[in-house]
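Worksheet for the structure shown next.
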Amino acid sequence: MNDASRNWPAPDAEWEARVDAVWAADLADLELRERIAALAAELADGHPIAHFEVGGSFDSTGDAATAVEHYRAALAAGLEPDRRRQCVIQLASSLRNLGEADHAVQLLTDELAHAEEPHEAQLRAFLALALADAGREREAVGLAVGAVGSLVERYRRSLTAYGAELAGEAFPPALPVVE
């Protein structure tokens, strides 16, 4: 049995609130990493959420290489869909920062292709950054403009069409209805 098929117990709301409080606090790098590590240690050994949170603590304090190790462990162990999406984005961002823009583009492109909601602005924004670093600036601008277009009401049609054109998409993607 691999870790991804294991049924990991979800942390309780109180644990999640304590994690959120650490992230919201203005802490020095070392203290942030130590506090997240202490909270992660409360979960079962190898728990994907522990790896995800520890990875985030290294990522946000400038140690992308260590973050990548934890993000990969979290994905291998199996995360619920929302956290998995966050983890893929954060892994790709860290890889981009380590000079692996092409790998980041592939991860984010795969994620976008399998997304239930392929117009998620955060996914497209990080893909645009990775594309720019991979030397695909025009496609990056198109993706970014399209992402902004999907978030606004006025000029939505124009921005998404221009974005699709710049990104090399044949047709603008279908847009969700904003209420």
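Residue numbers (full-length UniProt numbering): 1 to 179.
Even glycine gets a Cβ: it sits at the ideal position worked out from N, Cα and C.
Got a sec? Which residues, its chain only, sit under 8 Å from Ile89 by beta carbon, not counting five neighbours each side? Within the sequence shown, numbered from 1, the residue matching residue 89 stands at position 89. Annotation for Ile89: Leu108, Glu111, Gln122, Leu123, Phe126 place their beta carbon closer than 8 Å to its own, counting only its chain and skipping 5 residues before and after.
Spatial distance of Glu16 from Val145 (CA atoms): In the sequence shown, the residue the question calls residue 16 occupies position 16. In the sequence shown, the residue the question calls residue 145 occupies position 145. C-alpha separation (whole angstroms): 34 Å.
Could you tell me whether the stretch 38-56 touches the stretch 68-86, where touching means 3 or more Cβ pairs closer than 8 Å? yes
Inter-residue Cα distance where the pair is Ala38 and Asn7: The residue labelled residue 38 in the question sits at position 38 within the sequence shown. The residue labelled residue 7 in the question sits at position 7 within the sequence shown. So the two alpha carbons sit approximately 22 Å from each other.
Helix, strand or coil for Ala28, going by three-state DSSP, please let me know. Translated into the one-based positions of the sequence shown, residue 28 becomes position 28. Coil.
Exposed or buried, which one is Ala24 when buried takes at least 16 other CB atoms within 10 Å? Sequence index remark: in the sequence shown, residue 24 carries index 24 (1-based). Counting Cβ neighbours within 10 Å, Ala24 comes out exposed, since fewer than 16 surround it.
Assign His70 to one of two classes, buried (16 or more other C-beta atoms within 10 Å of its C-beta) or exposed (fewer than that). Numbered from 1 along the sequence shown, position 70 holds the residue referred to as residue 70. Buried, by the Cβ-count rule.
What's the gap between the Cα of Ala147 and the Cα of Ala113? The sequence position of residue 147 within the sequence shown is 147, counting from 1. The sequence position of residue 113 within the sequence shown is 113, counting from 1. When rounded, the distance between both Cα atoms is 15 Å.
Check: Thr160 C-beta below 8 Å from any heavy atom of the ligand FMN: No copy of the ligand FMN occurs in the structure displayed, which carries no ligand at all.
Candidates Asp20, Val141, Asp82: which alpha carbon is nearest residue 237's? Residue 237 lies beyond the stretch modelled for the chain, which goes from 1 to 179, so this question has no answer here.
Just verifying my parser: in three-state terms, what is the DSSP assignment at residue 180? No answer is possible for residue 180: the residues shown for the chain start at 1 and end at 179.
Outcome for Leu30 when other beta-carbon atoms lying within 10 angstroms are tallied against a minimum of 16: Position 30 of the sequence shown, counted from the start, is the residue given in the question as residue 30. The residue is exposed, with fewer than 16 neighbouring Cβ atoms inside 10 Å.
Who are the near neighbours of Arg35 in its chain, counting only those whose CB is closer than 6 Å to its CB and skipping five residues on each side? Reading the sequence shown from its first residue, position 35 is the one you call residue 35. Answer for Arg35: Val22, listed in chain order.
CB Ser93 to CB Ala134, shorter than 9 Å? By 1-based counting over the sequence shown, the position of residue 93 is 93. By 1-based counting over the sequence shown, the position of residue 134 is 134. Result no, Cβ atoms of Ser93 and Ala134 do not sit closer than 9 Å.
Following the continuous alpha helix (DSSP H) through Val88, name the residue where it begins and the one where it ends. Translated into the one-based positions of the sequence shown, residue 88 becomes position 88. Looking at the DSSP string, the run of the alpha helix (DSSP H) that includes Val88 is 81-97.
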